[in-house]
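Student: I'd like to ask you about the structure that follows.
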Amino acid sequence: MDLDDLIAAQRGMVSRAQALAAGLTAARLRWLVESRRWRRVHAHTFATTTGPLTFEARVWAAILRVGHDAVASHRTAAVLDGLCDDAGPVIHVTAPAERHVRGKIDGVRVHYAHRLPLTRHPAASPPRTRLEETVLDLVDVASHPREAEGWVTAACQRRLTTPERLADALGRRKKIRWRPMTEAMLVDVAEGAQSPLELRHLRQVERAHGLPTSCRQRRVAGHRVIWIDVDYPEFAVRVELDGRVGHVGEGRFRDRRRDNRATVDGHATLRYGHADIFGNPCTVAAEHARVLRTRGWTGRPRSCGPSCPVPMIIKETGRQDAMPLS
């Protein structure tokens with residue numbers, strides 16, 4: 001590849017070593033910089049354009065500065081693969097563990113990995129880690145379990161990978177933070193939970209309180225195809241879990257039409273948001289149990305802990321239902 005093609009492939013970026021290998025002399029390179037036709041971005045790394053650098057150009061500059069075999073990783077790779085939209089203020093690059101990059105690189109954080117030859121994508125440009133490895137890298141550095149959940153569910157919800165592929169990649173890692181939680185979460189995601197909100201409902205509302213097993217992300221075909229977040233078809237009860245995305249503007253009207261259609265068809269629809277599921281899962285479970293019991297469920301919810309109010313709420317509700325009308 002000649003120098004012009006190389007520069008084009010690297011979004012206008014080139015390293016000193018590449019320029020010299022392509023036939024430029026050191027004097028010519030110095031003149032290009034001094035005449036401001038090129039500009040230094042990092043040590044021995046140059047932009048061949050004078051305008052603002054694009055995100056991919058900044059990524060290439062960081063990779064070239066770190067050196068041979070370096071790849072974009074973590075949040076930077078996540079943006080390149082469409083896993084998230086916010087790149088943050090820092091470009092993340094991973095280098096082979098045997099290399100040590102001297103000095104601080106402005107706007108760049110360097111990570112090191114022993115397994116980099118196995119985890120880098122074989123063909124992506126700019127070079128980066130494989131999608132599954134990127135997700136697990138982000139899980140590993142997550143400061144909170146909910147953040148780790150968010151990366152896994154986002155990757156599956158955006159159809160960038162599958163729980164099975166993530167589980168396979170996880171099995172090849174010797175050390176990773178949040179491993180037990182991530183292993184359990186991948187099983188749950190494989191069963192249909194597609195967001196931290198849905199995972200929280202599955203674990204802390206349904207399972208923790210002994211409610212019936214629901215169908216998740218159920219596709220219902222009719223005049224228009226709809227998706228049900230949580231469905232108890234035996235009892236004609238549906239639960240919609242509303243995150244912020246997709247439930248404003250036109251999304252809100254779609255929700256209303258869906259709920260109205262369900263009511264006409266004889267279904268009861270319960271709707272909850274983050275504050276309900278994360279803040280009051282026991283109260284949500286009690287509401288589920290009340291509606292399910294009025295529609296034929298003969299089971300009884302159980303307490304999830306010493307302070308869980310669910311059994312008492314159900315007991316009081318049953319007592320009120322049994323009171324004669326005055």
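Mapping to full-length UniProt numbering: the sequence shown position 9 is 9, numbers consecutive.
No residue lacks a Cβ here, since even glycine has one placed at the ideal position from N, Cα and C.
Between the C-alpha atoms of K175 and L292, what's the straight-line distance to the nearest angstrom?
Tutor: The residue given as residue 175 occupies position 175 in the sequence shown. The residue given as residue 292 occupies position 292 in the sequence shown. Spanning the two alpha carbons is a distance of roughly 43 Å.
Student: Classify W227: buried if its beta carbon has 16 or more other beta carbons within 10 angstroms, exposed otherwise.
Tutor: Indexing the sequence shown from 1 puts residue 227 at position 227. Looking at its Cβ environment, which holds fewer than 16 other Cβ atoms inside 10 Å, W227 is exposed.
Student: Can you tell me the Cβ-Cβ gap for L197 and H274, rounded? I've got them flagged as a contact below 8 Å.
Tutor: The residue you call residue 197 lines up with position 197 of the sequence shown. The residue you call residue 274 lines up with position 274 of the sequence shown. Confirmed, Cβ separation roughly 6 Å.
Student: Output the residue ranges of the alpha helix (DSSP H) runs that lie fully inside the stretch 94 to 164 and measure 4 residues or longer, sorted by chain position.
Tutor: Segments of the alpha helix (DSSP H) lying fully in the stretch 94 to 164: 116 to 119, 131 to 141, 145 to 157.
Student: Which of the three DSSP states is assigned to V264 in this structure?
Tutor: Stepping through the sequence shown from its first residue, residue 264 is reached at position 264. In this prediction, V264 scores a pLDDT of 42, lower than 50, which makes its location untrustworthy; no coordinate-derived value is stated.
Student: Reducing DSSP to helix, strand and coil, say where V284 ends up.
Tutor: To locate residue 284, count along the sequence shown from 1; it is residue 284. In the structure shown, V284 sits in a helix (DSSP, three-state: H, G or I).
Student: Please state whether DSSP places G273 in a helix, a strand or coil.
Tutor: What you label residue 273 is simply residue 273 of the sequence shown in a count that begins at 1. Reduced to three states, the DSSP call for G273 is strand.
Student: Enumerate, from N- to C-terminal direction, the unbroken beta strand (DSSP E) stretches of 3 or more residues contained entirely within the stretch 30 to 106.
Tutor: As far as the stretch 30 to 106 is concerned, its whole beta strand (DSSP E) runs of at least 3 residues are 39 to 42, 45 to 47, 91 to 96.
Student: So, for T45: in the same chain, excluding its five sequence neighbours on each side, which residues have a beta-carbon less than 6 Å away from its beta-carbon?
Tutor: Locating residue 45 in the sequence shown gives position 45, counting from the first residue. Excluding residues within five positions, the ones whose Cβ falls inside 6 Å are S15, A61, L64, R65.
Student: For D137 and R295, what's the separation of their Cα atoms in angstroms?
Tutor: Locating residue 137 in the sequence shown gives position 137, where the first residue counts as 1. Locating residue 295 in the sequence shown gives position 295, where the first residue counts as 1. Going from the Cα of D137 to the Cα of R295 covers about 45 Å.
Student: Could you give the first and the last residue of the continuous beta strand (DSSP E) run that contains R173?
Tutor: Sequence index remark: in the sequence shown, residue 173 carries index 173 (1-based). It is not in any beta strand (DSSP E) - R173 carries neither H nor E in the DSSP assignment.
Student: Taking the beta carbon of S307 as the centre, do at least 16 other beta carbons fall within 10 Å, making it buried, or is it exposed?
Tutor: Translated into positions along the sequence shown, residue 307 becomes position 307. S307 comes out exposed.
Student: Per DSSP, which residues does V14 bridge with? Please list them.
Tutor: The residue given as residue 14 occupies position 14 in the sequence shown. Note: V14 sits in a beta bridge opposite F46.
Student: May I have the straight-line CA-CA distance separating A72 from P127, to the nearest angstrom?
Tutor: Stepping through the sequence shown from its first residue, residue 72 is reached at position 72. Stepping through the sequence shown from its first residue, residue 127 is reached at position 127. So the two alpha carbons sit approximately 6 Å from each other.
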